[in-house]
Every structure is written in structure tokens, then in C-alpha cells.
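S.K.: Chains A and B, in that order, are what the protein sequence lines are. Positions in the first sequence are counted from 1; adding 3 to them yields the numbering used here. Positions in the second sequence are counted from 1; adding 3 to them yields the numbering used here. There's a structure below that I have some questions on.
There are 2 protein chains.
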Amino acid sequence: MTTQITPLRPSPSASGVTAKFFRGLGDPTRIRVLQLLSEGELTVGELVDQTGTLQGRLSSHLACLRWCGFVTTRREGRLVYYRIADERVLGLLASADEFIAEHGVSVDLCRVIDGED
Amino acid sequence: MTTQITPLRPSPSASGVTAKFFRGLGDPTRIRVLQLLSEGELTVGELVDQTGTLQGRLSSHLACLRWCGFVTTRREGRLVYYRIADERVLGLLASADEFIAEHGVSVDLCRVIDGED
DNA sequence: CGTAACTATACGGCAAAGCGTATACTGGCC
DNA sequence: GGCCAGTATACGCTTTGCCGTATAGTTACG
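Okay, structure coming up:
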């Protein structure tokens, strides 16, 4: 499968998928999960403990991350281990953090987009 | 001003701002604007024409992009020119497009996050 | 098989975010 | 100053997406 060069073109459907991709990263719980997994594989239970999220909720978020290709899983009996599927996402998170190091106060105070946590 | 190294840490407030940052990129119109501006400076009117967005709406989106540090402006009489403020965002868009080249179909079909355009 | 641990999915409710539209504001020209 | 062009902001409405919670499904053990 050849890697296709995607030009930075304002095609409506392309910008729609791109926007959707970023919305996938636009939830604090999902970000937290990816940050935790950047350090190593974890089970759902461990992720529940470490994020302080309700189990049912977290599984929904994990389903989203899995479906979209951000994470992958393996099962060991009752335990399901999650890990990062595509290292590119960590690069993206690192780039975002760089931007935020400089503009984070403004981003935090943006009135168009709400939310603290 | 020293550049501060931001560790990939699951601090709730850090993940909140990071998520908010990505939500800023989570709108197709805002993505389209950044894509158009990647090729050069444009006025609001030109952006209105090229995105096919209502003027009032677009100005709201531009306000968000400006406030968060994605774009910057200069005024020439009645005309306001917008341009990319931080090239890192273009890198982010390019990375996202790479990811989408591989996972875009799944992202597009994600049921947790809706939206076509 | 019954019970428990672990995880995934479903569902109704509510908050967030974008919408269309109207209006306010700024600059230019006669 | 009046009128127009260009842009920014405000507001109520609708849609989207996460919430808490319940339940379904899978695995393990006695």
C-alpha cells in the first residue's frame, strides 16, 4: 500500500474528517488516557483508577480511541490491555504541548470553546 | 523567556487545556480557514467567499482562531488580513493528514463523534 | 452452575458548541 | 454628515457529545 500524499487543500470532506479527527482528541479523558498509555500498556481497570473516571464512561471513550485507530488492545483472560497504536499521535500531543506552552493561557480562556476539565 | 519542557503528564488541568486546544481545531470551517491561510494571507471577505460561510459566522470562527494564537491580523483601511501566526499549527495539520491517510475511513465512521461537515 | 471480577454497550438527560440572523462598529468617499 | 463597504459581536435556537447509570457480555474459580 503506497502512502498517498495528501495536499493541504480546502476540500470540504477532507476538512470534515480532519476536524473530526481533532474532535476525537478534544476530550480531556481521552487525552489523559493517551498520556497514561504513552508510558506503557495498561488495563481498563488501571485506566479507571488512574483517571478517576466511571468504568462505563471510560469504556465508551476507549471504544472511540480504538475505533479511530489511536489505541489497540490485547486480551489476557478477563483483562484487556490497551496501548498506543500509532506513535504519530504522541508526536501530535507533544506538538500541541509546545504550542500550549506558549499560547496555553489564551487557549484556556477562549470563550468560543468552554470547559475546564 | 525560557521554553519550558512540558512533560506528557496526566495532570487534569493540563489535559483540559490540551483537549480544549484540539477542540479549537475540531471545526471544519476553522480547519478550512487554516488550510486556505497556509497558502497566503487573505481578507475576511476572501475567506467568506472561499469557504462559503456566512460572514457573521466566519468572524466568530476567526475571533476564536485569533484569540487562541492560531492566526494573526493586520488592518489596511477597512480590510483585515488574516495569516497563520504559528507555523507549528501547519505541522500539526500535516501530521493529522498523515494519520488520516491511514485511518481516515474509521475516523470518518466514528459513532462517538458525529458530523460529516 | 453460581458467584464474582472485569469490560463493553445502551439509554435518557443535560451542557457545550455551532447555527442563522440581526445589529454594532470601523473605515472610505462624496 | 450620509451612505456604503467591510468586519466584529450578540443572541436565541438547534445539534452534538459527554454525562451517570443500568445492563449485557466475557472470563475465572470453587
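Don't be surprised by glycine CBs; every beta carbon is placed ideally from N, CA and C. Everything numeric in this text was worked out from a predicted model, so none of it was measured.
Is there at least one Cβ from chain B nearer than 7 Å to arginine 91 of chain A's Cβ?
M.R.: So yes, arginine 91 of chain A belongs to the interface.
S.K.: Taking isoleucine 87 of chain B as the reference, which of B:Asp100, B:Gly19, B:Thr46 has the closest Cα?
M.R.: The candidate whose alpha carbon is nearest that of isoleucine 87 of chain B is B:Thr46.
S.K.: Within the same chain, show all residues whose beta-carbon is closer than 8 Å to that of glycine 72 of chain A, passing over the 5 residues directly before and after it, in chain order.
M.R.: Within the same chain, glycine 72 of chain A has close Cβ partners Ala88, Asp89.
S.K.: Between the stretch 27–59 of chain A and chain B, which residues of the former have CB atoms less than 9 Å from a CB of the latter, in chain order?
M.R.: Those residues of the stretch 27–59 of chain A that come within reach of chain B (Cβ to Cβ, closer than 9 Å) are Gly27, Leu28, Gly29, Asp30, Pro31, Thr32, Arg33, Ile34, Arg35, Val36, Leu37, Gln38, Leu39, Ser41, Glu42, Gln53, Thr54, Gly55.
S.K.: Whole angstroms is fine: what's the gap from alanine 103 of chain A's alpha carbon to alanine 66 of chain B's?
M.R.: Before going on, a small fix: residue 103 of chain A reads as isoleucine here, not alanine. Cα to Cα, isoleucine 103 of chain A sits roughly 18 Å from alanine 66 of chain B.
S.K.: List the residues of chain B whose Cβ lies closer than 8 Å to the Cβ of leucine 95 of chain A, in chain order.
M.R.: Correct list: Leu95, Ser98, Ala99, Phe102.
S.K.: From lysine 23 of chain B to arginine 81 of chain B, what distance separates their C-alpha atoms?
M.R.: One C-alpha to the other measures close to 32 Å.
S.K.: Assign leucine 82 of chain A to one of three DSSP states: helix, strand, or coil.
M.R.: Three-state DSSP puts leucine 82 of chain A in a strand.
S.K.: Give the straight-line distance between the Cα atoms of alanine 17 of chain B and glycine 27 of chain B, rounded to the nearest whole angstrom.
M.R.: Whole-angstrom Cα-Cα distance: 15 Å.
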